[in-house]
Structures are given as C-alpha cells and as structure tokens.
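Report on the structure given below.
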DNA sequence: ACCCGGCGAGACAGACCGGTATCATCGCGG
DNA sequence: CCGCGATGATACCGGTCTGTCTCGCCGGGT
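Protein chains in written order, with our numbering: chain A, 278 to 475; chain W, 278 to 475.
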C-alpha cells in the first residue's frame with residue numbers, strides 16, 4: 278500500500294484532517310466567519326500545509342461543499358428517506374420527518390448550500406455556482422422519487438417540493454421548531470393534488 | 278419649517294442621505310460586503326458625519342432594516358397585495374403575483390431579512406434579532422389576511438404561507454424564474470384545504 | 001550515512017475593515 | 001460682524017483577513 282496507518286499522523290492524511298476541521302467549522306459558523314487561521318489552529322497543522330493542499334480558501338470551500346454533498350445530502354438525507362419510507366411517496370414525506378429531528382438539534386446549522394449561496398453575492402463566483410449545483414442535485418433526487426411515484430410533471434413537482442424544503446429550513450433558522458411538520462402537511466397536499474396516494 | 282430646501286445640501290438631511298445610500302448598497306450587495314468607506318464615498322459625506330448620526334455600523338444596519346420594512350414590506354408588498362386583490366384570499370395569492378415581477382427584475386436582490394439573518398451567525402446579535410422580528414411582522418400581515426379569510430388556525434396557516442414565500446424567494450435567488458407561480462399553486466392548494474374559495 | 005521532501009511553527013506582507021482624531025471651511029444665528 | 005456648530009477631507013489606529021516566506025525538525029528511501 279502507499280502509506281501505512283502506523284505513521285505518526287494521528288488520523289488520515291494532512292489534507293483530510295484540514296478538510297475535516299474545515300467541514301465542522303464551515304458548516305457550523307459559515308465560510309466567511311471562519312478564517313484559515315482558525316482552521317489551522319484547531320487541527321494543529323501548518324498554514325503552508327493547508328496552502329499546499331488547497332491553492333486558496335475558495336478551493337477549500339469548494340472541497341467542503343463537495344463533502345457536504347457526500348455526507349449531508351447522500352449519506353444522511355437520502356439514506357434516512359430510504360430507511361424511513363418504503364414507497365417513493367413515503368420517502369418524499371420522510372424527508373420532512375428527517376428534517377424534524379435535524380431542526381431539533383441543539384446546534385442546528387442550517388443548509389450550507391443555501392447559506393453559502395446567499396453570502397456570496399457575485400453571481401458568477403465559482404463557490405456560488407457550486408452551491409447552486411449542489412442544490413440542484415438535491416432537487417434531482419426529489420425528481421427521481423417523483424418519477425417513481427408516477428407524478429406527471431416530475432420536474433415541476435421537484436421544484437415545488439424543493440421550495441417546501443428550503444422554506445422550512447429558513448423557517449427553522451428563524452426559530453420555528455414546527456417548520457418541518459408544517460411543510461410536510463403542504464407536501465401531502467401537493468402529493469394528493471398530483472394523484473399520489475398519501 | 279425647520280429647514281428650507283434651498284440649502285446647498287442636494288436633498289434632505291445628512292442622516293437621510295447616508296441611510297438612503299446604505300439602503301441601496303446593503304439591499305443589493307449585503308451588509309457584510311459593503312463597508313462604511315464605500316457608503317461615504319458614494320454619498321459624498323464625511324466619515325465622522327456618519328458616525329455622529331449612527332454610533333456604529335450595526336446601528337446603521339438596524340436603521341436600514343427598519344427602512345426596508347417601511348418600503349419593501351409595507352409600501353410595496355402589502356400595498357401591491359391590496360391593490361391586486363379584493364378579498365383576503367385574493368390578496369394572499371396576489372403576494373406571489375407580485376413576487377413574479379420582483380423575481381424578473383434585472384437586479385433581483387432577494388429578501389434582506391433572510392440574507393441578513395443567515396449571514397449573522399451569532400444567535401443573540403441585535404441585527405439578527407431585528408431581522409427575525411421583521412420577518413415576523415410579514416407573517417403577522419399574512420395572519421391578518423388569513424383571519425379575514427376565515428381560516429381556522431390563522432397562526433399555523435401564516436407560518437405555512439410564509440414557508441412558501443421564503444422558499445420561493447430562495448429558489449428565485451437560485452435562479453428559478455418560475456418560483457413565484459410554483460409557490461402560488463401550492464398556496465391555492467393550502468387555501469382550498471382550509472375551505473377558502475380560490 | 002545522507003539527503004530530501006513533507007511538516008510545524010511563526011514571522012511577515014499587503015489589503016481591508018470599523019472607528020477615531022485633526023483641521024479647515026461654510027452656513028447661520030446672535 | 002463674529003462665533004459656533006455641523007460638515008468635508010484626510011490621516012491615522014488597531015485589528016483581522018488571505019496568502020507568502022523562512023527556518024528547523026524529522027522520517028524514510030537509497
């Protein structure tokens with residue numbers, strides 16, 4: 278193998294430790310509020326090591342968004358939806374059941390894709406574009422479920438479902454602890470409107 | 278009158294010119310992206326004059342949010358809803374018709390209350406709290422319309438309606454130009470579910 | 001044995017930020 | 001006519017940010 282785990286390094290490569298720390302800090306406090314100095318201080322790594330692995334802070338943010346997609350979107354949200362629901366319609370509604378527990382967490386951090394998209398004001402900035410693309414990939418998952426549920430206009434349905442998701446996430450950030458069930462109720466109405474049995 | 282308009286000052290008091298410039302810049306580019314240096318440069322006013330009228334930048338942001346409430350929420354959104362709709366239910370739906378034109382604007386700036394709330398991470402920061410309160414005042418207006426429309430749980434209805442509003446604003450920021458009509462359709466479903474004739 | 005590359009530590013540069021201090025000027029009221 | 005308060009212009013201060021540079025260490029392959 279290339280590298281053994283018996284090295285002095287506590288866990289994984291330097292790059293991975295940096296990305297792991299950045300993930301924690303960026304997701305909890307935002308990418309603008311966290312500086313590179315804090316990241317290197319909290320994972321005990323040299324600044325040059327960070328800049329050798331990531332040419333700029335923006336590149337680190339892009340890697341963070343990618344990891345957020347892997348963990349939050351796929352390994353958590355999609356996995357929970359599939360675990361909780363058997364049919365496509367059940368899985369769509371299970372998204373909001375999953376959100377309910379998420380919103381109740383002590384340190385609810387919100388949706389990083391929305392947060393980053395809104396805090397980067399330049400319309401053609403790569404970090405903003407990446408956030409928009411990651412949001413689109415969430416919507417693509419919803420669209421897949423809608424198609425499997427037999428919804429006619431799956432694309433339009435996915436956009437509407439995503440509006441419910443984003444709206445209740447913002448409401449939760451605002452302090453509404455029942456935002457998930459409120460959105461779920463509207464989701465059920467939307468499913469019924471498309472002739473899907475709830 | 279206290280002051281004549283024949284003074285050298287082009288328009289209004291210094292405080293008002295500062296707030297006017299800050300309103301334009303903050304609403305279009307965000308409060309963090311715009312520094313006080315840019316504000317004073319663009320309205321041709323001395324820095325000390327700004328700090329004599331507003332003790333700190335945060336105070337200026339609070340005044341900006343107040344003006345945003347006056348202009349955007351009351352003078353624009355509520356006025357448009359009342360102009361376009363005759364009945365409470367029509368006025369609720371007219372919110373999304375009004376949004377449609379807003380989203381289509383070249384320099385669509387999004388909802389400043391959402392933007393500021395999400396960019397200020399400290400939970401007890403006065404600027405964040407003010408944003409949350411301004412959002413609540415929008416919801417209170419929706420609640421009033423819901424009560425007038427004869428909705429049973431007007432408070433819960435208002436929270437749901439507000440989720441649709443916030444969700445489609447975020448979707449519009451993402452680039453979805455049909456976000457308003459998508460939300461309007463769900464609004465009609467919600468009204469029908471509460472037994473209100475659409 | 002030796003060197004070399006990755007690494008930690010920290011100083012440093014250059015830019016920008018919010019906020020303060022100074023000084024000349026100008027309008028207006030007494 | 002004189003003085004005073006508000007203003008404009010500008011320099012300045014301390015802090016923070018991203019990103020660069022240097023130095024010394026250490027471990028592993030040849």
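Yeah, the Cβ is synthetic: ideal placement off N, Cα and C, and Gly gets one too. What you are looking at is a predicted structure, and each value in this text was computed from that prediction instead of being measured.
*Under a CB-based cut-off of 8 Å, is residue 471 of chain A close to chain W?*
no
*Buried or exposed: which applies to residue 353 of chain W, given that a residue is buried once 16 or more other Cβ atoms fall within 10 Å of its Cβ?*
exposed
*Counting only the same chain and skipping the five closest in sequence on each side, list residues whose C-beta sits under 6 Å from that of residue 422 of chain A.*
365, 368, 369
*asked:* Under 8 Å: do the stretch 372-385 of chain W and the stretch 289-307 of chain A share three or more Cβ pairs, one atom per stretch?
replied: no
*asked:* Can you check whether the C-beta of residue 313 of chain W is within less than 8 Å of a C-beta belonging to chain A?
replied: no
*Classify residue 400 of chain A as buried or exposed, calling it buried when 16 or more other Cβ atoms lie within 10 Å of its own Cβ.*
exposed
*What separation, rounded to the nearest whole angstrom, lies between the Cα atoms of residue 405 of chain A and residue 427 of chain W?*
42 Å
*Under 7 Å Cβ-Cβ, which residues of chain W neighbour residue 306 of chain A?*
398
*asked:* Just to confirm the assignment: which complete alpha helix (DSSP H) runs, minimum length 4, are found wholly within the stretch 355-436 of chain A?
replied: 356-361, 365-381, 389-396, 403-425
*Taking the alpha helix (DSSP H) that residue 316 of chain W falls in, what are its first and last residues?*
313-320
_Neighbour list for residue 459 of chain W in chain A, Cβ cutoff strictly below 8 Å_ = 433, 436, 437, 440
*Taking the alpha helix (DSSP H) that residue 303 of chain A falls in, what are its first and last residues?*
291-306
*What residues from chain W crowd round residue 463 of chain A, counting only those whose CB sits closer than 8 Å?*
437, 440, 441, 463, 466, 467
*Does the beta-carbon distance from residue 440 of chain W to residue 441 of chain A come in below 8 Å?*
yes
*Apply the 10 Å Cβ neighbour rule to residue 461 of chain A and answer buried if 16 or more other Cβ atoms are within range, or exposed otherwise.*
buried
_Below 8 Å, how does it come out for the stretch 452-461 of chain A and the stretch 388-396 of chain A: are there three or more Cβ pairs, yes or no?_
no
*Can you find a CB in chain A that lies within less than 8 Å of the CB of residue 392 of chain W?*
yes
*What's the gap between the Cα of residue 384 of chain W and the Cα of residue 305 of chain W?*
8 Å
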